[in-house]
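Taking this note's numbering, the leading residue of the sequence shown gets 6, the next gets one more, and so forth.
What follows is a short report on a single structure.
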Amino acid sequence: MGEVKRIARVLAALGLAVALVAAPASAGAVVTTVSFVAHQDDDLLFMNPDILNDIKNGDNVWVVYLTAGELPCGEGFQECGLPYADKRIQGVRAAYARAADKPNNWTYQAMTFNGRQVATNTLDGTNVRLVFTFIHAAGGSDQCGDLARMVNSSTYVAQPIDGRASYTRASFVAMLRAIITTAQPNLIRSQNSLGHRDPVPDRDHVDHIAGAILTAAADADAAGNTVVRRDEYLGYVIRGYPDNVFGTDRTEKTAVWDQYWPHDFQLGAGDWSNVMGRQYSPDGRVFPVGHPWIPPGDFHC
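Written out as structure tokens, the structure is:
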């Protein structure tokens with residue numbers, strides 16, 4: 006991933022970076038990255054240390070959470086619904102404050118993307134912005150979730166749990182595309198759109214896969230070609246992979262994770278320690294500008 010960032014910086018310096026409506030970047034321009042993840046922890050577990058290094062470099066960093074990350078109420082969970090989603094939001098705020106070495110002070114802004122109002126938080130004194138869609142997540146008795154339902158049905162209507170306007174697949178993808186247009190990134194990150202092909206017991210979460218498919222659709226033009234370079238990241242399957250993150254990168258990834266997990270009742274000390282030394286992208290899942298995007302035909306829920 007370091008080589009990807011180096012190339013992005015060179016392109017920015019040469020004025021060659023491409024975004025949906027981006028003007029060419031001037032010499033010395035700050036690189037912008039947008040990372041799309043399903044839940045408030047996927048970025049910390051599966052896209053670090055890359056995002057942490059973006060922050061260290063002073064880049065414009067957007068992280069978009071494609072679901073609320075909640076659990077259903079009435080099914081015996083200790084926490085559920087919007088209050089649980091809010092706890093997880095508090096967790097990622099604390100994590101990114103630690104990553105940026107700044108006080109945990111955030112400014113709320115309701116931004117409008119393709120006519121849809123979306124909640125965002127910006128870490129004061131930084132270029133770090135978190136975006137929250139509050140789409141219903143898969144969990145408990147519902148092992149599909151609304152992202153997968155939108156992928157599988159063009160007519161399904163997803164209602165965000167915070168009461169904002171509902172989405173169909175087309176309007177949700179258009180909203181994500183508007184985020185990309187607004188941010189004008191040099192690089193987009195997503196989770197693995199083929200994670201349903203990973204072997205049990207490490208088959209990826211349905212929200213991870215569906216979120217990646219919808220993100221890829223938002224990053225494709227009318228001909229189905231990639232507009233902004235997009236890199237996919239592996240999920241649960243890396244638990245069985247060898248370590249490839251060492252030294253300061255591993256130390257910082259762990260320190261940032263340690264700010265998140267106390268906010269999530271499902272986690273305890275040491276949980277996910279087996280991925281603190283790992284970050285992987287699947288072979289062949291880097292999509293340069295102009296590369297065709299073909300969604301997997303075997304993803305169902």
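Every residue gets a Cβ at the ideal spot worked out from N, C-alpha and C, and that includes glycine.
A quick note: this is a predicted structure, and the numbers were derived from the prediction, not measured.
**Asked** What's the gap between the Cα of residue 298 and the Cα of residue 54?
**Response** As a first step, residue 298 must be located in the sequence shown, where it is residue number 293. As a first step, residue 54 must be located in the sequence shown, where it is residue number 49. Taking the straight line from one Cα to the other gives about 26 Å.
**Item:** Outcome for residue 108 when other beta-carbon atoms lying within 10 angstroms are tallied against a minimum of 16
**Value:** Here the question's residue 108 lines up with position 103 in the sequence shown. Result: exposed.
**Message:** Suppose only complete runs of 3+ residues qualify. What are the beta strand (DSSP E) ranges in the region 162-238, listed by chain order?
**Reply:** Within the region 162-238, the complete beta strand (DSSP E) runs of at least 3 residues are 192-196, 235-238.
**Asked** Helix or strand or just coil, what does DSSP make of residue 305?
**Response** Taking the sequence shown and counting its residues from 1, the one referred to as residue 305 is at position 300. Coil at residue 305, not helix or strand.
**Message:** Please state whether the Cβ-Cβ distance between residue 73 and residue 184 is less than 9 Å.
**Reply:** Taking the sequence shown and counting its residues from 1, the one referred to as residue 73 is at position 68. Taking the sequence shown and counting its residues from 1, the one referred to as residue 184 is at position 179. No, these two residues do not count as a Cβ contact at 9 Å.
**Prompt:** Within 10 angstroms of its Cβ, does residue 216 collect 16 or more other Cβ (buried), or is it exposed?
**Reply:** Mapped onto the sequence shown, residue 216 falls at position 211. Under the 10 Å beta carbon count, residue 216 is surrounded by 16 or more other beta carbons and is classified as buried.
**Item:** Under the three-state DSSP convention, the category residue 275 falls into
**Value:** Counted from its first residue, the sequence shown places residue 275 at position 270. Correct three-state label for residue 275: coil.
**Message:** Measuring straight from C-alpha to C-alpha, what distance separates residue 81 and residue 43?
**Reply:** Locating residue 81 in the sequence shown gives position 76, where the first residue counts as 1. Locating residue 43 in the sequence shown gives position 38, where the first residue counts as 1. Spanning the two alpha carbons is a distance of roughly 23 Å.
**Presumed contact (8 Å Cβ cut-off) between residue 293 and residue 218, rounded CB distance** = Taking the sequence shown and counting its residues from 1, the one referred to as residue 293 is at position 288. Taking the sequence shown and counting its residues from 1, the one referred to as residue 218 is at position 213. Cβ atoms of residue 293 and residue 218 stay farther apart than 8 Å, at about 19 Å.
**Message:** Under 8 Å: do the region 278-296 and the region 243-261 share three or more Cβ pairs, one atom per stretch?
**Reply:** Counting Cβ pairs under 8 Å, three or more are found: they touch.
**Request:** Please state if the CB of residue 175 and the CB of residue 121 are separated by a distance shorter than 9 Å.
**Result:** Translated into the one-based positions of the sequence shown, residue 121 becomes position 116. Translated into the one-based positions of the sequence shown, residue 175 becomes position 170. Not closer than 9 Å, so no.
**Asked** Among 234, 84, 242, 49, which has the Cα closest to the Cα of residue 201?
**Response** To locate residue 201, count along the sequence shown from 1; it is residue 196. Comparing Cα-Cα distances from residue 201 to each of 234, 84, 242, 49, the minimum goes to 242.
**Message:** Once DSSP output is grouped into helix, strand and coil, what is the label at residue 95?
**Reply:** Indexing the sequence shown from 1 puts residue 95 at position 90. The answer is helix: DSSP assigns residue 95 an H, G or I state.
**Prompt:** Is residue 241 helix, strand or coil by DSSP?
**Reply:** Within the sequence shown, residue 241 is the residue found at index 236, counting from 1. In this structure, DSSP gives residue 241 a helical state, which the three-state scheme calls helix.
**Distance CB(residue 152)-CB(residue 142) smaller than 9 Å** = As a first step, residue 152 must be located in the sequence shown, where it is residue number 147. As a first step, residue 142 must be located in the sequence shown, where it is residue number 137. Going by C-beta atoms, residue 152 is nearer than 9 Å to residue 142.
**Message:** Using a 10 Å radius around the Cβ and a threshold of 16 neighbouring Cβ atoms, would you call residue 238 buried or exposed?
**Reply:** If you number the sequence shown from 1, residue 238 lands on position 233. By the beta-carbon neighbour count (other beta carbons within 10 angstroms, threshold 16), residue 238 is buried.
**Message:** Does residue 126 pass the burial test, meaning 16 or more other C-beta atoms within 10 Å, or should it be called exposed?
**Reply:** Locating residue 126 in the sequence shown gives position 121, where the first residue counts as 1. Counting of Cβ neighbours within 10 angstroms places residue 126 among the buried residues, the total reaching 16 or more.
**N-terminal and C-terminal residue of the alpha helix (DSSP H) that residue 62 is part of** = What you label residue 62 is simply residue 57 of the sequence shown in a count that begins at 1. Per DSSP, residue 62 lies in no alpha helix (DSSP H) and is assigned neither H nor E.
**Prompt:** Is it a yes or a no for the region 262-274 touching the region 90-104, going by three-plus beta-carbon pairs under 8 Å?
**Reply:** Taking 8 Å as the limit for Cβ pairs, the verdict is that the region 90-104 does touch the region 262-274.
**Request:** Tell me whether residue 264 sits in a helix, a strand or coil according to DSSP, three-state version.
**Result:** By one-based count along the sequence shown, residue 264 stands at place 259. Helix at residue 264.
**Message:** Taking 9 Å as the threshold (C-beta atoms), are residue 286 and residue 193 in contact?
**Reply:** The count along the sequence shown starts at 1 and reaches residue 193 at position 188. The count along the sequence shown starts at 1 and reaches residue 286 at position 281. Contact annotation: residue 193 and residue 286 have beta-carbon atoms that are not nearer than 9 Å.
**Prompt:** Can the beta-carbon of residue 268 be found closer than 9 Å to that of residue 157?
**Reply:** The residue labelled residue 268 in the question sits at position 263 within the sequence shown. The residue labelled residue 157 in the question sits at position 152 within the sequence shown. No, Cβ-Cβ distance for residue 268 and residue 157 is not below 9 Å.
**Message:** Applying the 10 Å Cβ sphere with the 16-neighbour rule, what's the burial state of residue 275?
**Reply:** Position 270 of the sequence shown, counting from 1, holds the residue named residue 275. Residue 275 is exposed by the Cβ-count criterion.
**Rounded C-alpha distance that separates residue 102 from residue 133** = Stepping through the sequence shown from its first residue, residue 102 is reached at position 97. Stepping through the sequence shown from its first residue, residue 133 is reached at position 128. Whole-angstrom Cα-Cα distance: 9 Å.
**Request:** Tell me whether residue 113 is buried or exposed, calling it buried when 16 or more other Cβ atoms sit within 10 Å of its Cβ.
**Result:** Residue 113 sits at position 108 when you count from the first residue of the sequence shown. Here residue 113 is exposed. Its C-beta has fewer than 16 other C-beta atoms within 10 Å.
**Asked** What beta strand (DSSP E) runs, 3 residues minimum, are completely inside the region 100-152?
**Response** As far as the region 100-152 is concerned, its whole beta strand (DSSP E) runs of at least 3 residues are 111-118, 121-128, 133-137.
**Message:** Rounded to the nearest angstrom, what separates residue 154 and residue 212 at their Cα positions?
**Reply:** For this step, residue 154 is matched to residue 149 along the sequence shown. For this step, residue 212 is matched to residue 207 along the sequence shown. So the two alpha carbons sit approximately 10 Å from each other.
**Request:** Return the residue from the list 75, 228, 123 that minimises the CA-CA distance to residue 270.
**Result:** Start at 1 with the first residue of the sequence shown, and residue 270 comes out as number 265. Out of 75, 228, 123, the CA that lies nearest to the CA of residue 270 is found in 75.
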